[in-house]
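Structure record follows, encoded as structure tokens.
Residue numbers (my numbering): 73 to 295.
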């Protein structure tokens, strides 16, 4: 009985350490990303703006520590962040849930494409679109997402899919499409399990592999 209690105690200590380690890592990553100032690099000019349509889903993969943490958790680690496209005077703007740069709010925001890609020193970009998507549906999705930005919906730092008053990046995309009647993941989420807690997450790879989406554009930047 004493041996069993010792094993249980050791498992509890390891579980607490593991949970604290994950929490600390995420906090450090968020702090690093917030303190970095976005600088639009020249390679962004190589993107073909004509491929963008309203409601498109744009994925990016960056080289920040936060991006590395996200891809480490993902079963399909191709991208680390995602947003929704809205065209304004034919130029692509991206609506996404952001942790915010230094002195900036952690909210859903709308930013020019150049800023969206510069924030995380993007290494690659993929554009995905609903199969057989109509222009009307694309407009509806973009307008729903824009509404989140106008209301400055807070960033969900707890990554909790059960809350509806704050979003993280993939959750924003999923909920915007769900609002117009499309569940991109059909209720199937990623499962993060530790000895202390279990949590359903929606990672970029799962969203990217939705059977309802197709890739229409991809570019790998050379820096």
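The C-beta atom is built at its ideal place from N, Cα and C for all residues, glycine as well.
- Take the alpha-carbon of residue 253 and the one of residue 188: they are about 27 Å apart.
- The Cβ atoms of residue 203 and residue 279 lie no closer than 8 Å to each other.
- In the structure shown, residue 195 adopts coil according to DSSP, grouped into three states.
- Comparing alpha-carbon positions, the option among 199, 177, 249 lying closest to residue 227 turns out to be 177.
- Residue environment: residue 260 is assigned as exposed (fewer than 16 neighbouring CB atoms within 10 Å of its CB, all protein chains considered).
- Bridge partners of residue 154 according to DSSP: 131.
- Using a 10 angstroms sphere on the CB of residue 120, the tally of other CB atoms stays under 16, which defines it as exposed.
- For residue 260, no alpha helix (DSSP H) encloses it, and the DSSP letter there is neither H nor E.
- Our two residues, residue 232 and residue 272, have alpha carbons roughly 8 Å apart in a direct line.
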